[in-house]
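Asker: Starting off with a structure, shown below.
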Amino acid sequence: MPQQYTVARISRKGTTFEVLVEPDLALKIKLGQAQPSQKVLVYPEVFRDAKKGIRAKEEELRKTFGTTDPYQIAIVILKEGDLQVTAEQRRALIEEKRRKIIDLISRNAVDPRTNAPIPPQRIELAMEEVGVQIDPFAEPSDQVGKVIERLRPVLPIKIALRVFEVRVPGEFQPRVASYLRGIGKLSREEWKGDGTWVCQVEAPAGLLAEITERVMKITSGKGDVRAL
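Sequential numbering of the sequence shown, starting at -13, is according to the working numbering.
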């Protein structure tokens, strides 16, 4: 029988807030695969401790979230906080991310001894050998660099690199820069007169689609990415 609810929580200034949500819809909303819906909230209350049934006070909700509406607060918690996923959901997420990571590596990596592509099966076996841990919520492109470093002791590997130019409105610079530093080497940062932030990043050559998708998601379609 499917689990009827799970817990989503967030900590703000040392205080924890929890809501009870429908597992499948909550996960889809968190991953951006579904629009927010009031159906996600199983019980219309915000708790300090859901297990003990301790409700949050209206005053602290208004001070923390600017509202006492449990649905609005639940959406904030889902998007910015932690979601307790079911065991089945976790396995599915990890498998999906693992497959995408293997695909990204196989499209960008060669054996430096022969310059031949590395088969996905070989990458998968090497990941199992070194016990690579996959983050079920982090984007595959964010995890590729760390996975490659784990593989190097057991798998001769060379990554084809390329420089990409990224342009975004200045308000999105902190988040975009943080993302880019996680996937490659950031260089040539420049602020334009209109407030646009421009940079170049050296990253695996095959990541153009992934970088573009992520930058567009962060900037709500206001960014630009091109390969140099």
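Where is the CB? At the ideal position from N, CA and C, for every residue including glycine. This one's a predicted model, so the numbers in the text were calculated from it and none came from an experiment.
(1) I'd like the list of long-range same chain contacts for Ile63, defined as Cβ closer than 7 Å, with 5 residues on each side in sequence excluded.
(2) Whose C-alpha, out of Gln129, Lys203, Arg108, Val201, is nearest the C-alpha of Lys83?
(3) In chain order, what are the residue ranges of uninterrupted beta strand (DSSP E) at least 3 long that sit wholly in the region 11 to 39?
(4) For the structure I just gave you, are there three or more beta carbon pairs, one from the region 173 to 189 and one from the region 142 to 150, closer than 8 Å?
(5) In the DSSP assignment, find the unbroken beta strand (DSSP E) run with Phe51 in it and report its ends.
(6) Taking 8 Å as the cut-off, does the region 120 to 127 touch the region 66 to 82 (at least 3 CB pairs, one atom from each stretch)?
(7) Along the chain, where does the alpha helix (DSSP H) containing Asp180 start, and where does it finish?
(8) Nearest to Leu214 by CA position, among Ala191, Ser206, Glu196, is which residue?
(9) Going by beta carbon distance, what residues of the same chain come within less than 7 Å of Pro(-12), once the five residues before and after it are set aside?
(10) Give the DSSP-derived three-state secondary structure of Ile120 in the structure shown.
(11) Assuming contact is defined by CB atoms lying nearer than 8 Å, are Lys86 and Pro155 in contact in what I supplied?
(12) Quick one: give me the first and last residue of the beta strand (DSSP E) that Asp55 is part of.
(13) Quick check: what's the CA-CA separation for Asp55 versus Lys(-1)?
(14) At which residue ranges does the region 85 to 159 contain complete beta strand (DSSP E) runs of 3 or more residues, listed in the order of the chain?
(15) Check for me: the beta strand (DSSP E) holding Glu4 runs from which residue to which?
(16) Where Val211 and Gln19 are concerned, what is the direct C-alpha to C-alpha distance, given to the nearest angstrom?
(17) Closest to Leu194 by C-alpha separation, out of Ile88, Ile169, Arg41, Glu135, would be which residue?
(18) Judging by CA-CA distance, which residue of Thr100, Pro126, Arg136, Thr182 is the nearest neighbour of Ala112?
(19) What three-state label does DSSP hand Leu172 in the structure shown?
(20) Given this structure, state the Cα-to-Cα distance separating Arg48 from Pro106, to the nearest angstrom.
(21) Looking at the secondary structure, which residues open and close the beta strand (DSSP E) in which Val201 lies?
(22) Since Val(-7) is in the beta strand (DSSP E), which residue starts that stretch and which ends it?
(23) Out of curiosity, what's the CA-to-CA distance linking Ala42 and Arg34?
(24) Output the distance between the C-alpha atoms of Tyr(-9) and Gly181, rounded to the nearest integer angstrom.
Answerer: In short:
(1) Ala(-6), Arg(-5), Ile(-4), Phe3, Val5
(2) Gln129
(3) 33 to 35
(4) yes
(5) Not the beta strand (DSSP E): Phe51 falls in the alpha helix (DSSP H), residues 44 to 51.
(6) yes
(7) Careful: Asp180 lies outside any alpha helix (DSSP H) and carries neither H nor E.
(8) Ala191
(9) Reliability of the predicted coordinates at Pro(-12) is poor, the pLDDT of 46 falling under 50, and the value obtained from them is presented with this limitation in mind. Correct list: empty, nothing qualifies.
(10) coil
(11) no
(12) Careful: Asp55 lies outside any beta strand (DSSP E) and carries neither H nor E.
(13) 20 Å
(14) 95 to 97, 147 to 155
(15) 1 to 7
(16) 23 Å
(17) Ile169
(18) Arg136
(19) strand
(20) 51 Å
(21) That residue, Val201, is in no beta strand (DSSP E); its alpha helix (DSSP H) goes 194 to 205.
(22) -8 to -2
(23) 5 Å
(24) 45 Å
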